[in-house]
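Engineer: Numbering (this note's numbering), first residue to last: 309 to 562.
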Amino acid sequence: MDMNRIEKTGRTVDDAVQAALKELGVSREDVLIEVLEEGKDALFGLIKRDAKVRVTVKEAEKAAAPDSFEEQLETVPETPEGPAPKEEPEVTEAPVSSDAEEERKAAAQDAKTFLETLFKAMGMDLIIEKFINRKDGEIELKLHGDGLGVLIGKHGQTLDSLQYLTNLAANKGKKEWHRIVLDAENYRKRRRDTLEKLAHNLAHRVKRTGRKALLEPMNPYERKIVHEALQNEPGIVTYSEGEEPYRKVVIDLK
309 MDMNRIEKTG RTVDDAVQAA LKELGVSRED VLIEVLEEGK DALFGLIKRD AKVRVTVKEA
369 EKAAAPDSFE EQLETVPETP EGPAPKEEPE VTEAPVSSDA EEERKAAAQD AKTFLETLFK
429 AMGMDLIIEK FINRKDGEIE LKLHGDGLGV LIGKHGQTLD SLQYLTNLAA NKGKKEWHRI
489 VLDAENYRKR RRDTLEKLAH NLAHRVKRTG RKALLEPMNP YERKIVHEAL QNEPGIVTYS
549 EGEEPYRKVV IDLK
């Protein structure tokens, strides 16, 4: 069994990728991602088939600078006469932008263009801001305008479906998978705050009653918020049970 390669399925391609990264214990920058199946979904409906990806850990690059330098020395012709030239410090210019950065920028623009076309067809006049997190490469698109409630939906389900479609459209034909997050009027942060508060309230109730608490089914992103909120809570353990899309978080005593 190849411990540096794994295949995973998930509700979306990004969910499958995140599951693979968690099991491998690496970050997105350390792997190569191959989308085996993108999954099937209606515009805002239920997914008919899970997405499937193959994630392979990149091999550590060997330090090639010394060998390259020696090879360059061997090809330099000898100077027949005169003193040896004064050695000058080597100046290396940092590349303005790597191929990965350029592709990430292209994915961000493709995502914005996809949404602009969709919203125009829906008769919605929205402002779309795009941001790229330089630390982890995540692309965030923020939506501003009227009528955003219909795009968010119950517990953000419509927004999640729209985010899923945007990820597929923007990553089509790209060498690497670039995670794209949609937010509407700061909904993601408000939802995070709500889930964290709910998690702590339920943890206190579990301690008081001695009975475990089951939350409603959530997507992997929201389940992660609950797990992280209570990871340092004394006497409390959290875990997930069930199958997608009905998988839920359980809060229990240790």
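Backbone N, C-alpha and C define an ideal beta-carbon position, used for all residues, glycine too. Remember, it's a predicted structure, so these values are computed and weren't measured experimentally.
Please state whether DSSP places G548 in a helix, a strand or coil.
Structural biologist: It should be pointed out that residue 548 corresponds to Ser in this sequence rather than to Gly. The answer is strand: DSSP assigns S548 an E or B state.
Engineer: With distance defined between alpha-carbon atoms, name the residue in L423, G318, R442, L503 nearest to L490.
Structural biologist: Comparing Cα positions, the closest option is L423.
Engineer: May I ask you to report which of helix, strand or coil DSSP gives D338?
Structural biologist: D338 falls in the helix class under three-state DSSP.
Engineer: Pick from A492, R319, A408: whose alpha carbon is nearest that of R555?
Structural biologist: For R555, the nearest C-alpha among the options comes from R319.
Engineer: Here's a check: name, in chain order, each residue in its chain whose Cβ is nearer than 7 Å to the Cβ of L467, leaving out the five neighbours to either side.
Structural biologist: Cβ within range, chain order: L459, I460, G461, L490, A492, Y495.
Engineer: So, K438 versus L451, is the Cβ gap smaller than 7 Å?
Structural biologist: For K438 and L451, no; Cβs fall outside 7 Å.
Engineer: Distance check for K428 and D338, CA to CA, integer angstroms please.
Structural biologist: Whole-angstrom Cα-Cα distance: 38 Å.
Engineer: Name the residue from K420, E484, K497 whose alpha carbon lies nearest to the alpha carbon of L470.
Structural biologist: The shortest Cα separation from L470 among K420, E484, K497 belongs to K420.
Engineer: Ends of the beta strand (DSSP E) at D454?
Structural biologist: Premise fails: D454 is in no beta strand (DSSP E) and is neither H nor E.
Engineer: Can you tell me whether DSSP reads D358 as helix, strand or coil?
Structural biologist: Reduced to three states, the DSSP call for D358 is coil.
Engineer: According to the neighbour-count rule (16 or more other Cβ atoms, all chains shown, within 10 Å of its Cβ), is P403 buried or exposed?
Structural biologist: Below a pLDDT of 50, predicted positions are generally treated as unreliable, and P403, at 44, falls in that range; no measurement from the model is reported.
Engineer: Mind checking whether V361 and V334 have CB atoms under 7 Å apart?
Structural biologist: No; because the gap between Cβ atoms is not below 7 Å, this pair is not in contact.
Engineer: Classify P528 as buried or exposed, calling it buried when 16 or more other Cβ atoms lie within 10 Å of its own Cβ.
Structural biologist: Result: buried.
Engineer: Hey, I314 and V325 are a contact pair by Cβ (cut 8 Å); roughly how many whole angstroms apart?
Structural biologist: Not really, about 11 Å apart at Cβ, beyond 8 Å.
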